[in-house]
Every structure is written in structure tokens, then in C-alpha cells.
């Protein structure tokens with residue numbers, strides 16, 4: 001991994017993961033669990049509770065020892081408000097966003113941070129979203145058919 | 001403002017610059033990272049966005065002089081339980097959010113007309129061609145495709161019948177017929193006619209939700225907004241994942 005040595009030579013960029021959540025402790029636990037299994041551990045994980053009416057105590061307790069977890073709350077309901085709260089509450093040089101119904105793959109943090117080392121002009125890095133729905137549902141079959149048709153077009 | 005890189009099969013690398021003011025590459029916030037200095041220069045997420053705050057942020061980060069980089073190996077799996085009402089609401093909301101972004105990022109009122117352009121590079125990206133761009137008394141973005149022609153024809157035929165102008169009505173109905181053949185025929189598979197019809201209905205519902213969202217959101221923002229109903233589907237599902 002000589003490439004990594006060059007990439008992660010000083011100054012190291014610190015990484016904060018920000019996840020906004022509202023009334024979805026179960027899916028959030030799945031996302032946080034994925035963050036405990038990263039090839040490059042995040043320096044900070046900020047969970048922004050956007051005015052939930054259900055308790056996150058169990059999830060927070062479970063992951064407090066496993067992750068550098070910080071919990072913030074944003075009373076104003078709305079994704080942009082909550083994400084801005086996450087930016088303010090986080091301190092990393094790189095701010096990574098994902099959602100509470102998502103599961104980042106193990107090399108996610110490492111792959112997201114890597115490009116920022118190669119060029120100081122890179123301001124944003126994005127990767128693919130792989131949607132996993134119920135493959136038998138009508139809507140999923142529709143999306144699959146549209147993808148197939150798109151492939152035929154080319 | 002609808003080019004979503006997750007639907008494009010780009011290699012790792014810099015995202016191409018925007019070809020027009022309207023359609024800009026962007027990263028959805030379910031899988032994106034920002035350099036803090038870029039966020040500070042761009043100024044945080046716009047809290048006036050109903051949807052599309054991620055589009056807005058990518059546009060502002062790029063305009064602040066930063067590059068957008070696509071990293072295909074940084075993958076995030078998104079679990080969603082799609083239902084028909086859920087699909088309707090999702091596309092309505094996407095459409096609803098666009099007129100605000102359009103108006104925000106265009107420096108003055110213009111009429112812009114867009115057409116679909118098949119992508120030449122072989123990628124999965126939606127590309128559009130601006131066929132008209134003129135100063136106008138108000139903000140207007142009109143996409144012209146078979147879906148729009150179909151509804152324009154329907155509207156004109158009703159008006160013509162109402163005014164008793166039969167030649168006009170027949171011409172309008174001819175437009176409806178041709179557009180319907182183009183719209184529904186593009187995805188028709190004669191080996192599976194029933195499935196094709198079902199899928200066409202779903203596609204029509206999604207486009208109707210998207211268009212209605214754009215029109216309603218446009219009314220609210222003082223923009224005539226006819227959505228670009230040529231979106232590509234999402235890239236992967238469980239089935240394809242298992243197959244890989």
C-alpha cells in the first residue's frame with residue numbers, strides 16, 4: 001500500500017461523518033454499525049437528531065464506546081437546517097454526509113477522503129448510491145425495467 | 001439542475017463543468033464529502049430549499065472555485081422501501097424543488113427551451129440541449145419531449161373543440177397520437193406486451209408527478225417550469241447486486 005503512505009503522509013486530514021436522523025433509531029443503528037467497520041476510522045461521528053419524537057437512548061448507548069460519537073439536536077425540522085447543524089457541530093477537515101437509511105461500505109471513509117489529498121482544489125467528493133429495495137415490488141420492477149431500457153438505448 | 005452523478009458511469013475523476021446554467025453535475029447528500037473550507041466559502045446548505053439542497057450545494061462549491069471529484073469506489077448502499085404513493089411523492093418533491101434552484105442560479109429572467117440529447121459518450125448520463133435562450137419578462141424553463149407534446153396536444157384539442165374549430169381539433173389529436181406513439185413506443189417490448197403496458201403506466205405516473213411538482217413549485221416561485229422528464233433510473237438494486 002505504498003500509495004496510501006503517500007496519500008496519508010502529513011498533514012493528515014481529519015474526517016467527520018455527519019448523519020441526520022428523524023424517528024429512525026433502527027436504521028441509524030445499522031448505519032453506525034457500518035461506521036465501526038471502516039478501513040479508515042472516522043475521527044468523529046456526529047448524529048443530528050432533527051426533532052425526533054422517539055428515543056435514541058439505546059442506539060447512542062450502544063455505540064458510544066465503539067465510535068467517537070457526538071450527538072447534536074436541531075429543533076427546526078428540515079434537512080438543510082439539520083445538515084448545517086452537523087457542519088457547525090463537527091470539527092473535521094473533511095465533512096462526510098450519509099443518511100440514516102444508508103449503509104456505507106467498509107472502505108467508504110477511506111475512499112472519500114483519499115481524493116482530497118491529491119488536489120487542494122477538490123472541494124467535494126461523491127460516490128455511487130446503490131439502491132436496495134424489495135426486488136418483487138412493483139416500483140422496483142419498474143426501475144429495473146427502465147434501467148434495462150436505458151442500457152438498450154446505448 | 002438534474003444531473004446526478006450516481007446515475008452516470010463516470011470513471012474516477014473530475015466532474016465535467018456545467019454545460020449550461022441549468023443542468024449541473026451534483027452529488028446527493030446520502031454519499032458526499034466536502035472540504036470544510038469549501039463549505040465555509042459556499043456558506044452552508046440553503047434552508048429555503050424544499051428539496052435539491054444537495055444540487056444547490058454542488059453548484060455553489062463549484063462556483064466558489066472548487067472541483068468536484070467522483071470516486072466510484074466510495075459506495076453507499078441505500079435501503080428504501082418503494083411504494084407507489086412513495087414514488088409519486090418522491091418525484092413530485094423533486095419537481096417541486098427545482099424552480100427555486102432554477103431562479104436562484106439564473107442571473108436574470110429568461111425563456112429557456114430544452115430538448116433531450118442522447119448521450120454520445122456511452123455513459124448513463126442524461127444530457128440536454130438548450131435550443132432557445134432569450135431574455136423574457138419572467139423566468140421560464142420549458143422542456144420539450146413526447147410527454148409534453150402529448151399533453152399540449154390534449155390541451156389544444158379540448159380548446160379547439162370548445163371553440164368549434166374542427167380542423168384545429170383534428171390536427172391537435174394527430175399531435176396527441178404521434179406523441180403517444182413516441183412516448184409509449186420507446187419502451188414497448190412486443191415480447192412482453194402486458195408488462196410493457198404496466199411499466200409504461202408507472203413511467204407515466206412518475207413523469208406526471210415530476211411535472212406537476214415542477215408546475216406547482218414554479219407557481220410558488222413565479223417561474224413557468226416544465227420539468228425535464230427524461231431522468232434515468234437509479235443504478236443498482238438488490239438483484240443486480242447479487243448478480244455481480
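Chains as they are written, first to last, in the working numbering: chain A, 1 to 154; chain B, 1 to 244.
Glycine is no exception: its CB is placed at the ideal position from the N, C-alpha and C atoms.
Given the structure is predicted, the values throughout are model-derived calculations rather than measurements.
Where residue i sits in the DSSP three-state scheme
i	result
residue 224(B)	strand
residue 140(A)	helix
residue 230(B)	coil
residue 242(B)	Low local confidence applies: a pLDDT of 29 at residue 242(B) is under 50, so the model's placement there is unreliable, with the coordinate-based value given in what follows. Residue state, collapsed to three classes: helix.
residue 129(B)	strand
residue 33(B)	strand
residue 25(B)	strand
residue 78(A)	coil
Chain-ordered neighbours of residue i on chain A, where CB pairs are closer than 7 Å
i	result
residue 266(B)	One cannot answer for residue 266(B) here, as it falls past the ends of chain B, which runs 1 to 244.
residue 110(B)	Neighbours of residue 110(B) on chain A: none; closest Cβ ~26 Å, over 7 Å.
Range covered by the alpha helix (DSSP H) that runs through residue i
i	result
residue 67(A)	Counting along the chain, residue 67(A) falls outside any alpha helix (DSSP H), and DSSP gives it neither H nor E.
residue 88(B)	84-105
residue 91(A)	Neither: residue 91(A) is in no alpha helix (DSSP H) and is coded neither H nor E.
residue 39(B)	36-42
residue 53(B)	53-63
Under 7 Å from the C-beta of residue i: neighbouring residues of chain B
i	result
residue 96(A)	33
residue 242(A)	Since the first residue of chain A shown is 1 and the last is 154, residue 242(A) is not available in this structure.
residue 157(A)	The requested residue 157(A) does not occur in the structure, where chain A is confined to residues 1 to 154.
residue 87(A)	39, 44
residue 26(A)	Going along chain B, no residue has its Cβ under 7 Å from residue 26(A), so there is no contact; the nearest lies around 11 Å.
residue 149(A)	187
Neighbour list for residue i in chain B, Cβ cutoff strictly below 8 Å
i	result
residue 66(A)	Going along chain B, no residue has its Cβ under 8 Å from residue 66(A), so there is no contact; the nearest lies around 20 Å.
residue 49(A)	Those do not exist, as residue 49(A) stays about 17 Å from chain B at its closest Cβ, beyond 8 Å.
residue 99(A)	29, 30, 78
Range of the contiguous beta strand (DSSP E) that encloses residue i
i	result
residue 126(A)	122-126
residue 104(A)	102-104
residue 113(A)	Note, residue 113(A): premise wrong, no beta strand (DSSP E); alpha helix (DSSP H) at 108-118.
residue 110(B)	110-117
residue 132(A)	129-132
residue 68(B)	67-70
residue 77(B)	76-79
Closer than 9 Å at the beta carbon, the chain B residues around residue i
i	result
residue 84(A)	44, 45, 47
residue 103(A)	76, 77, 78, 79
residue 107(A)	73, 74, 75
residue 93(A)	35, 36, 37
Buried or exposed by the 16-neighbour rule on C-beta atoms within 10 Å, applied to residue i
i	result
residue 157(B)	buried
residue 91(A)	exposed
residue 53(A)	exposed
residue 225(B)	buried
residue 66(A)	exposed
residue 92(B)	buried
residue 166(B)	exposed
residue 129(A)	buried
residue 275(B)	For residue 275(B) there is no data in the structure shown, the boundaries of chain B being 1 and 244.
residue 5(A)	Note that residue 5(A) scores 48 on pLDDT, short of 50, meaning its location in the model is unreliable; the coordinates nonetheless yield the value given after this. Exposed: under 16 other Cβ atoms inside 10 Å.
residue 75(B)	buried
residue 21(A)	buried
residue 85(B)	exposed
residue 1(B)	In this predicted model, residue 1(B) has a pLDDT of only 39, less than 50, meaning its place in the structure is not dependable enough to derive any value.
residue 31(B)	buried
residue 229(B)	buried
residue 108(A)	buried
residue 189(B)	exposed
residue 69(B)	buried
residue 227(B)	buried
residue 11(B)	exposed
residue 29(B)	buried
residue 163(B)	exposed
residue 136(A)	exposed
Interface residues of chain A facing residue i [CB-CB closer than 8 Å]
i	result
residue 82(B)	133, 134, 137, 139, 140, 143
residue 53(B)	79, 80, 83
residue 71(B)	111, 112, 114, 115, 125, 126, 127
residue 202(B)	138, 139, 142
residue 59(B)	The premise fails here: residue 59(B) is roughly 11 Å from chain A at the closest Cβ pair, so nothing lies under 8 Å.
Closer than 9 Å at the beta carbon, the chain A residues around residue i
i	result
residue 211(B)	None at all; the shortest Cβ gap to chain A is about 17 Å.
Per-residue contacts from residue i into chain D (C-beta, under 7 Å)
i	result
residue 87(B)	The structure shown has no chain D; the protein chains it does contain are A and B.
Could I get the ranges of all uninterrupted alpha helix (DSSP H) runs contained in the stretch 133-197 of chain B, with 4 residues as the minimum, in chain order? Runs of the alpha helix (DSSP H) inside the stretch 133-197 of chain B: 146-163, 166-185.
Any chance you could list the beta strand (DSSP E) runs of at least 3 consecutive residues sitting entirely within the stretch 16-70 of chain A, in chain order? You should have 44-49.
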